[in-house]
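Written below as structure tokens is the structure these notes are about.
Number of protein chains: 2
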Amino acid sequence: MARGKSQNQRSRSYESDEHERGACEWCEYALVITLATILLIGVSALTVFWVFYYREGYAWADDLPDKQFNLHPTLMVAGFITFSGFSVLLYRICRCFRRIYVKLLHAIFHALAFPCIVIGFLAVLDYHNKKGINNFYSLHSWIGFVAMGLFGIQYAVGFFSFLLLLICNKGTAGFRASLVPVHAAFGILTFVLGVAACLTGLTEKAIFSLGAERYSGMVDEGIIINAIGVACIAILAVVMYILSRDKFRTPESRGQHIRASVDL
Amino acid sequence: MARGKSQNQRSRSYESDEHERGACEWCEYALVITLATILLIGVSALTVFWVFYYREGYAWADDLPDKQFNLHPTLMVAGFITFSGFSVLLYRICRCFRRIYVKLLHAIFHALAFPCIVIGFLAVLDYHNKKGINNFYSLHSWIGFVAMGLFGIQYAVGFFSFLLLLICNKGTAGFRASLVPVHAAFGILTFVLGVAACLTGLTEKAIFSLGAERYSGMVDEGIIINAIGVACIAILAVVMYILSRDKFRTPESRGQHIRASVDL
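Protein chains in written order, with the working numbering: chain A, 1291 to 1554; chain B, 1291 to 1554.
So this is what it looks like as structure tokens:
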């Protein structure tokens, strides 16, 4: 009898712990999503502000190459950071919809990133050609080139394997499941390379546009450029945190992960 | 009887799979360790080669500030990439020794990184003061400052919690276990920030030392500097790959990981 009572108490205490952990988890979940959203929108907003306030806005014309160049940082930050970041986060944390809708959201946000990256790349290529500057000489351009290549391959493979192959759902289930960790690993690598390309690009731009003396004089524009870089780093930290927390997985994929861990 | 035979066959087939996966796993393990070792030693060797061949070597003297600056990239690459990289990898993949020896190796490699980072920082601080250049104006310096701060805090917390608290092993086991994921997450963030600081620093150095025209003219030195950056990126990719593979964990910590996943 005494033992039964004790067991009952322990069970209630566990339920209470479970409930508290659930509330804590939701609180952390809401906080991280809010922070990620503010940073992802904020970094693009800050880049647009920087271009309009300090770099005279945008254009695509032979006599305004500098304004055409401004499309490059803006679109690359939007493509590699904002849209790609939202795409990665939505895939990992979206708990409300069916799996197929989450996949579609993932594909749609990457589809928004795609033209940004292509036009951003063409803008700087055309700017270099107009100004007679070599292409692909800098560390920034090498990192960016690999990031763009990986982005293209990942998009093609993802679209074909995880959406088109659903036509033959059962027959391709094994193949698709085996591709998930590879797609995820290269996806994270692409995101990290995108951030690295942004950081080196911002450093280049600050020195080329402001010159060593004004940049080291801590002019306002230099601080704004640094702040864009810091936001990119903060986004990378938040994304890595979310990816490292099993709690943020959808219950479905968390189950798969547990089975995979135990199977090892 | 038939059923018994079939079960026997299935069991042998599983054993064979297990054996093959074991061989495959060891093959991947050896390949990744070799690649990581070559890259971690190679990136520091390439930096030393660059300094001796193109930047006239090292010094610490008032009349040779440029040679003194050369200590900065060399020691920072050694501290943040080579020694820190080996420390992270050894902790994750060292299967042969007792846990306490692996921890000591982890602490020793970080202890080797510590003076590199301190002297590397003092070298550039003194260089800036001698040349009358402001400190902490660039994105590179901001990232580097946060990376150094995190490195110091991590080292102090790690040394105190995971080595000193072993004096009272049983009493602190819960506290130490709860600190492991926090220490690991901030450790990875510190490593990523170290790589980001190296990439932005190399970009700065290439433009300041070569000038925009020579750098865009693809001179040999520019390509060597880019190659150091590419090696840093490759190391980050290999380290992230190893950290993402549960297979590379020591059997002991893999067990803890499985229990933690199932507990969620």
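We put the CB at the ideal spot given by N, CA and C, even for glycine.
- Taking 8 Å as the threshold, the shortest C-beta distance from residue 1344 (chain A) to chain B does not fall below it.
- For residue 1373 (chain B), there is no enclosing alpha helix (DSSP H), as DSSP marks it with neither H nor E.
- Counting the other Cβ atoms within 10 Å of the Cβ of residue 1461 (chain A) gives fewer than 16, which makes it exposed.
- Per DSSP, the unbroken alpha helix (DSSP H) holding residue 1416 (chain B) starts and ends at 1389-1421.
- Under the Cβ criterion of 8 Å, residue 1375 (chain B) is not counted among the residues facing chain A.
- Identification of residues in the region 1422-1455 of chain A having a C-beta nearer than 7 Å to some C-beta of chain B yields 1423, 1424, 1427, 1428, 1429, 1430, 1432, 1433, given in sequence order.
- Residue 1366 (chain B): member of the alpha helix (DSSP H) spanning 1361-1366, first to last residue.
- Residues of the region 1475-1502 of chain A whose Cβ lies closer than 8 Å to any Cβ of chain B, in chain order: 1475, 1478, 1479, 1482, 1483, 1485, 1486, 1489, 1490, 1492, 1493, 1494, 1496, 1497, 1498, 1502.
- With a beta-carbon spacing of about 19 Å, residue 1409 (chain B) and residue 1483 (chain B) fall beyond the 8 Å limit used to define contacts.
- Taken through DSSP and simplified to helix, strand or coil, residue 1441 (chain A) comes out as helix.
- Contacts with chain A (Cβ-Cβ distance below 7 Å) from the region 1347-1359 of chain B involve no residue at all.
- In terms of beta-carbon proximity, residue 1312 (chain A) stays away from the interface with chain B, with every pair separated by 8 Å or more.
- The Cβ of residue 1459 (chain B) sits no closer than 8 Å to any Cβ of chain A.
- In the displayed model, residue 1522 (chain A) falls within a helix according to three-state DSSP.
- In the pairwise beta carbon analysis, the region 1518-1535 of chain A is classified as touching the region 1323-1335 of chain A: at least three pairs are separated by under 8 Å.
- Per DSSP, residue 1509 (chain B) lies in no alpha helix (DSSP H) and is assigned neither H nor E.
- Assigned with DSSP and collapsed to three states, residue 1350 (chain A) falls in coil, not helix or strand.
- Contact note: residue 1520 (chain B) reaches chain A through 1432, using a C-beta cutoff of 7 Å and chain order.
- Residue 1532 (chain B) is a Cβ neighbour of residue 1383 (chain B), given a cutoff of 8 Å.
- In the structure shown, residue 1451 (chain B) falls within a helical segment according to DSSP collapsed to helix, strand and coil.
- For residue 1419 (chain B), no Cβ of chain A is located within less than 8 Å of the residue's own Cβ.
- In this structure, residue 1424 (chain A) lies near residue 1508 (chain B), with their beta-carbon atoms less than 8 Å apart.
- Contact of residue 1506 (chain B) with chain A by beta-carbon distance below 8 Å involves 1423, 1424, 1427, 1428.
- Taking a 10 Å sphere around the C-beta of residue 1316 (chain A), we find fewer than 16 other C-beta atoms and assign the residue as exposed.
- In this structure the region 1386-1402 of chain B does not lie against the region 1488-1500 of chain B, because fewer than three pairs of beta carbons, one per stretch, are closer than 8 Å.
- For residue 1453 (chain A) against residue 1397 (chain A), the beta-carbon gap comes to about 6 Å, under 8 Å, which counts as contact.
- 8 Å or more divides the Cβ of residue 1355 (chain B) from the Cβ of residue 1445 (chain B).
- When DSSP states are grouped into helix, strand and coil, residue 1426 (chain A) belongs to the coil group.
- In this structure, residue 1367 (chain A) keeps its C-beta atom at 8 Å or more from the C-beta atom of residue 1327 (chain A).
- For the pair residue 1442 (chain A) and residue 1403 (chain A), the CB atoms are not nearer than the 8 Å cut-off.
- In terms of Cβ geometry, residue 1427 (chain A) and residue 1505 (chain B) form a close pair [threshold 8 Å].
- In the assembly as shown, residue 1437 (chain A) is a buried residue. Its beta-carbon has 16 or more other beta-carbons within 10 Å.
- Cβ atoms of residue 1413 (chain A) and residue 1361 (chain A) come within 8 Å of each other, at about 4 Å.
- Just so you know, the alpha carbons of residue 1340 (chain A) and residue 1411 (chain A) end up roughly 19 Å apart.
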